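Numbers in my numbering are just positions in the sequence shown, counted from 1, shifted up by 1405.
Note that the Cβ used here is the ideal one computed from N, Cα and C, for glycine as well.
Source: prediction; values computed, not measured.
What follows is a single structure, written as structure tokens, with notes after it.
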Amino acid sequence: MRVSKAVIPAAGLGTRFLPATKATPKEMLPVVDKPAIQYVVEEAVSAGIDDVLFITGRSKRALEDHFDRNLELETVLAEKGDRERLAGITASNDLARIHYVRQGEALGLGHAVSMAERHVGDEPFAVLLGDDLIDPRDEVLPDMIAAREAVGGSILCLMEVPREQISLYGCAAVEPTATDGLVLVTDLIEKPAADEAPSNWAVIGRYVLDPGIFAVLKRTTPGRGGEIQLTDALRELAHGGAVYGVAFRGRRYDTGDRLSYLQAVIRLALERDDLGPALRDWLPSVLAAPATKETP
Ligand code: UTP
């Protein structure tokens, strides 16, 4: 069955980015001049998905407004003849059919995904974490969807990280398969200590899930941090031999982490024709000298 629906959980509290995320979801923080979440929706659409369900929290309004029309702005820009900015604000309106469901309480990523059951039904579906930005040139979702079509089950996206960073991620124990680039996931541990991690393979925020995950999530009890963890439900599926991993070696940023967010903004801005040259000229002077009031 074709993967046509994506679920984007965006109901987390974003505590690592406070106070910016007190009233604004972290997914709406701008990466250059587009909110992080728009890159994520564009990535899903580029992989052939045409139906997106956001799992939202308190801050649903900003997300809804961003993916809706803004007639006042459209009128002003049209009157000014500013076609470029007009195209910029309308681009997010028609990307996909967009739906929203409220999580109510941030009880964990597993709980957020379980909110999608009624909408998704009995189809395989993609999950893209709204604060995980994959460089548009390094897309991995099409490979994951192809893997699901080839072997079934649920497909994770795995990235090799230095051992001292594995405690920030879900970690996968893996075995090779007959297919190049595809591994069998035999076990999963949420944020293990470096000396307890079975590998350096971190699970990052892209998944193609079998709808069987919903039944498992229903009986998943709160795990690490008191949250209902998606990793715990996936571990049960992995023990049944139905979870695979696709290796990702591209550029990826965690826009919910302040340093990674800044890196995303700088790297993507440097590659833009309108901003890159001026930023490239300015950066060496900032790096060479400590910031002073005179630094332009
Ligand atoms: P994170 O753990 O990165 O999100 O969850 P968080 O809790 O908002 O972040 P910090 O650690 O407090 O800064 C990964 C993804 O799962 C979503 C988040 O919005 C994020 O996209 N999530 C998490 C939910 O939708 N609901 C939850 O209950 C928890």
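ask   = Ordered along the chain, which non-local residues of its own chain (more than five positions away) have a Cβ less than 7 Å from that of V1566?
value = Y1574, N1605 and A1607
message = Using the three-state DSSP reduction, which class does E1565 fall into: helix, strand or coil?
response = strand
inquiry  = Please classify P1440 as buried or exposed, where buried requires at least 16 neighbouring CB atoms within 10 angstroms.
reply    = buried
message = For the ligand UTP, I want to know if D1678 counts as a neighbour, meaning its beta carbon is within less than 7 Å of at least one of the ligand's heavy atoms.
response = no
ask   = Is it the case that the CB of T1625 approaches a heavy atom of the ligand UTP more closely than 7 Å?
value = no
inquiry  = Our contact map puts A1577 next to V1590 with C-beta atoms below 8 Å; I'd like the distance itself, whole angstroms only.
reply    = 5 Å
query = Sorry if obvious, but does the Cβ on D1548 come closer than 7 Å to a heavy atom of the ligand UTP?
reply = no
query = Does the beta-carbon distance from P1616 to V1525 come in below 8 Å?
reply = yes
query = Does DSSP put Y1444 in a helix, a strand or coil?
reply = helix
message = Looking only at its chain, what residues have a beta carbon closer than 6 Å to the beta carbon of T1625, apart from the 5 residues adjacent to it on each side?
response = G1515, I1633, D1637 and A1638
task = Pick out whichever of Q1668, V1437, G1419 and V1446 has its Cα sitting closest to the Cα of S1409.
result = V1446
message = Quick check: G1535 and E1432, are their CB atoms within less than 8 Å of each other?
response = yes
inquiry  = Pairs of beta-carbons, one from the segment 1660 to 1675 and one from the segment 1415 to 1432, closer than 8 Å: are there three or more?
reply    = yes
request  = Please find out if some non-hydrogen atom of the ligand UTP comes closer than 7 Å to the beta-carbon of P1414.
outcome  = yes
request  = Measure from the C-beta of K1439 to each C-beta in chain B and report whether the shortest distance is under 8 Å.
outcome  = Chain labels in this structure do not include chain B; a single protein chain is all it has.
ask   = If we count the other Cβ atoms within 10 Å of its Cβ and call it buried at 16 or more, is D1537 buried or exposed?
value = buried
ask   = Going by alpha carbons, who is nearest to D1470 out of Y1505, D1438, E1484 and E1595?
value = Y1505
query = Mind checking E1595: buried by the 16 CB within 10 Å criterion, or exposed?
reply = buried
message = Need the endpoints of the beta strand (DSSP E) that G1610 sits in, please.
response = W1606 to L1614
key: Cα-Cα separation between V1579 and V1691, rounded to whole angstroms   = 44 Å
task = Measure how close the beta-carbons of L1614 and P1529 come, nearest whole angstrom, since I'm counting them as under 8 Å.
result = 7 Å
key: Cβ-based burial, Q1508 [other Cβ within 10 Å; buried from 16]   = buried
request  = Using 7 Å as the cut-off, classify the Cβ of R1421 as near or not near the heavy atoms of the ligand UTP, replying yes or no.
outcome  = yes
inquiry  = Could you check if I1460 belongs to the surroundings of the ligand UTP, using beta carbon to heavy atom distance under 7 Å?
reply    = yes
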